[in-house]
Amino acid sequence: MTIEVTNKKKEEFWADTCEKVNSVGLSSREVDEIIKKWTDLKSQAKKKEKNRRREASLTGGGKTSICLTDWEQKIVAILPEETLVGIDGGLDTFQSSSCSKQQACVDEETSSISIGHELEDAPNSPCEAKSEQPCKRRKITLSDVQLAQYTFFIEQTETTRLKRKLMEQQIQTQKAAEQYFIESKKKLAQNVLENFLEQ
6 MTIEVTNKKK EEFWADTCEK VNSVGLSSRE VDEIIKKWTD LKSQAKKKEK NRRREASLTG
66 GGKTSICLTD WEQKIVAILP EETLVGIDGG LDTFQSSSCS KQQACVDEET SSISIGHELE
126 DAPNSPCEAK SEQPCKRRKI TLSDVQLAQY TFFIEQTETT RLKRKLMEQQ IQTQKAAEQY
186 FIESKKKLAQ NVLENFLEQ
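Using this note's numbering, the first residue of the sequence shown is number 6, and each one after it goes up by one.
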């Protein structure tokens with residue numbers, strides 16, 4: 006995948022995200038504003054989660070005074086673990102070339118960011134006896150990151166849309182109640198007037 010294609014996909018993704026955000030917002034935002042907002046939110050959530058983990062390690066894994074909000078938890082959930090704790094391990098450069106070939110972890114098109122999910126062991130692998138350190142890791146691609154970001158914004162957009170719809174329904178209910186009150190008041194006044202005239 007060339008840089009031009011990658012950049013084009015990124016531009017299309019952010020343009021689409023910007024359109025969806027503007028469709029539910031009261032003010033219109035530019036793509037650069039959306040990207041900056043996402044970067045700021047991600048940085049804030051990442052920093053807070055690092056501090057929370059650091060504090061938890063000091064207390065032996067117990068409760069901490071730092072609590073993530075719902076949206077911060079969602080952001081942390083899509084961040085690669087290595088961005089929070091660093092890259093664990095790596096390839097052994099002293100392994101034989103044949104072993105390295107059989108333990109290749111990714112395509113040429115994937116990103117170099119590793120997430121900690123180990124793949125199933127390959128059957129009859131000659132390298133199993135040579136190294137106890139697993140190097141078969143699933144790599145996260147740029148498409149995975151973009152999909153996670155896109156999913157996050159879609160969820161936020163849907164939540165906002167539902168809240169807006171609920172608010173509109175509440176307004177309609179309130180208007181109906183007010184109209185009913187006005188009609189009831191008119192009817193009561195009419196009844197009082199009729200009773201007064203009959204007397």
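Virtual Cβ for every residue (Gly too), placed ideally from N, Cα, C.
- For the set T44, N56, Q177 and K47, the Cα lying nearest the Cα of S70 is the one of N56.
- Listed in chain order, the non-local C-beta contacts of Q151 below 6 Å within the same chain comprise F18, local neighbours out to five positions each way being set aside.
- Residue environment: K25 is assigned as buried (16 or more neighbouring CB atoms within 10 Å of its CB, all protein chains considered).
- Beyond the five residues adjoining it in sequence on each side, E54 comes within less than 7 Å, by CB distance, of L73, V81 and L89 in the same chain, given in chain order.
- Shown here for A61: same chain residues with a beta carbon closer than 6 Å to its own, the five before and five after excluded, namely T69 in chain order.
- Considering only Q175, Q177 and S148, the residue with the shortest C-alpha distance to T11 is S148.
- By the neighbour-count definition (other C-beta atoms within 10 Å, threshold 16), T22 is a buried residue.
- Scanning F157, G30 and K14 for the CA closest to the CA of R166 turns up G30.
- DSSP, read as helix, strand or coil, puts K14 in helix.
- Scanning its chain for C-beta atoms nearer than 7 Å, with the 5 sequence neighbours on each side dropped, one finds around R34 the residues C23, V26 and N27, in chain order.
- As the crow flies, the alpha-carbon of K170 is around 14 Å from that of Q161.
- In the DSSP annotation of this structure, R34 is not part of any alpha helix (DSSP H), being labelled neither H nor E.
- For the set K14, S32, L46 and I8, the Cα lying nearest the Cα of F158 is the one of L46.
- Residue environment analysis places A182 among the exposed positions, since fewer than 16 neighbouring C-beta atoms fall within 10 angstroms of its C-beta.
- Taken through DSSP and simplified to helix, strand or coil, K52 comes out as helix.
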